[in-house]
Amino acid sequence: MNARKKLKLLIIFSIIIFLVGVICFYSNNLHICGDYGCSLDITLGYGKPIINFFLTIIVIAILMFFLNEKIINFWIKVISIVTPILLLVLYISPASCQGGFFPCFNDREAMSIYASIFFIATTLLTVAIKAIALSVKRHREGAV
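So in this note's numbering, the last one in the sequence shown is 146, and the numbering has no gaps at all.
Structural data, given as structure tokens:
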């Protein structure tokens with residue numbers, strides 16, 4: 003399967019998961035949970051982090067369409083390792099903080115923002131490394 007098809011599948015999968023996050027986030031407005039409404043664990047604990055993280059993936063995957071196929075393949079290999087780790091971190095982080103004297107920096111919503119920043123940094127580093135490697139390779143082939 004070529005790189006562009008893999009990107010299309012990634013975008014479609016990410017949009018589906020993003021829509022699940024939107025449904026979870028707006029579950030009270032959609033009256034999914036009945037008369038009593040949904041708990042904050044569903045709306046803020048799952049909906050908001052899914053929206054934050056998968057929106058980042060969708061935007062970056064769309065931007066990757068404009069790059070070289072070799073860069074896209076390398077990026078897909080890297081994110082296939084990074085993304086499950088980030089999703090595991092999101093899953094094991096607490097849904098919300100219980101309050102206290104200090105502000106909370108490790109609830110699921112904050113971790114989704116950190117995961118998105120890490121995902122962007124990983125993408126930029128991956129694209130830069132592969133682009134430099136391809137540039138050096140072209141330069142060596144032209145010099146020979």
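All residues carry an ideal CB built from backbone N, CA and C; glycine is no exception.
1. ARG140: buried (16+ other C-beta within 10 angstroms of its C-beta) or exposed?
2. With a CB to CB cut of under 8 Å and the five nearest residues on each side skipped, what residues in its chain are close to ILE115?
3. Where PHE56 and VAL138 are concerned, what is the direct C-alpha to C-alpha distance, given to the nearest angstrom?
4. Would you say the stretch 63-81 touches the stretch 17-26, given that touching needs at least three Cβ pairs under 8 Å?
5. Please work out which residues of its chain come closer than 7 Å, Cβ to Cβ, to TRP77, disregarding the five sequence neighbours upstream and downstream, and give them in chain order.
6. By the 10 Å Cβ neighbour count, where 16 or more other Cβ atoms means buried, how is SER118 classified, buried or exposed?
7. Does DSSP put MET66 in a helix, a strand or coil?
8. Count the other C-beta atoms from every protein chain shown that fall within 10 angstroms of the C-beta of CYS26, then say buried if there are 16 or more, exposed otherwise.
9. Which one of LYS8, ILE73, ASN30 has the shortest CA to CA distance from ALA135?
10. Could you tell me the distance, in whole angstroms, from the CA atom of VAL91 to the CA atom of LEU11?
11. Is it the case that the Cβ atoms of HIS97 and GLY47 are separated by a distance below 8 Å?
12. Can you tell me whether ARG110 is buried or exposed, with buried defined as 16 or more other CB within 10 angstroms of its CB?
The structure says:
1. Taking the sequence shown and counting its residues from 1, the one referred to as residue 140 is at position 138. Exposed, by the Cβ-count rule.
2. For the purposes of this step, residue 115 is taken as residue 113 along the sequence shown, with counting starting at 1. These residues qualify, in order along the chain: ASN54.
3. Walking along the sequence shown from the start, residue 56 turns up at place 54. Walking along the sequence shown from the start, residue 138 turns up at place 136. So the alpha carbons of these two residues sit roughly 33 Å apart.
4. Contact between the stretch 63-81 and the stretch 17-26 is not established, with fewer than three Cβ pairs separated by less than 8 Å.
5. What you label residue 77 is simply residue 75 of the sequence shown in a count that begins at 1. Sequence-distant partners of TRP77 (beyond 5 residues in either direction) whose C-beta falls short of 7 Å from its own C-beta, in its chain, are MET66, THR125, THR128, VAL129.
6. Within the sequence shown, the letter at position 116 stands for residue 118. The residue in question, SER118, is buried, as its Cβ has 16 or more Cβ neighbours within 10 Å.
7. As a first step, residue 66 must be located in the sequence shown, where it is residue number 64. Of the three classes helix, strand and coil, the one that applies to MET66 here is helix, per DSSP.
8. By 1-based counting over the sequence shown, the position of residue 26 is 24. Buried: at least 16 other Cβ atoms inside 10 Å.
9. The count along the sequence shown starts at 1 and reaches residue 135 at position 133. The shortest C-alpha separation from ALA135 is found at ILE73.
10. Taking the sequence shown and counting its residues from 1, the one referred to as residue 91 is at position 89. Taking the sequence shown and counting its residues from 1, the one referred to as residue 11 is at position 9. Straight-line Cα distance between these residues: approximately 24 Å.
11. The residue you call residue 97 lines up with position 95 of the sequence shown. The residue you call residue 47 lines up with position 45 of the sequence shown. Checking the sequence shown, residue 97 turns out to be Ala, not His. Yes, the pair counts as a contact, with Cβ atoms nearer than the cut-off.
12. By one-based count along the sequence shown, residue 110 stands at place 108. Buried, because 16 or more other Cβ atoms sit within 10 Å of the Cβ of ARG110.
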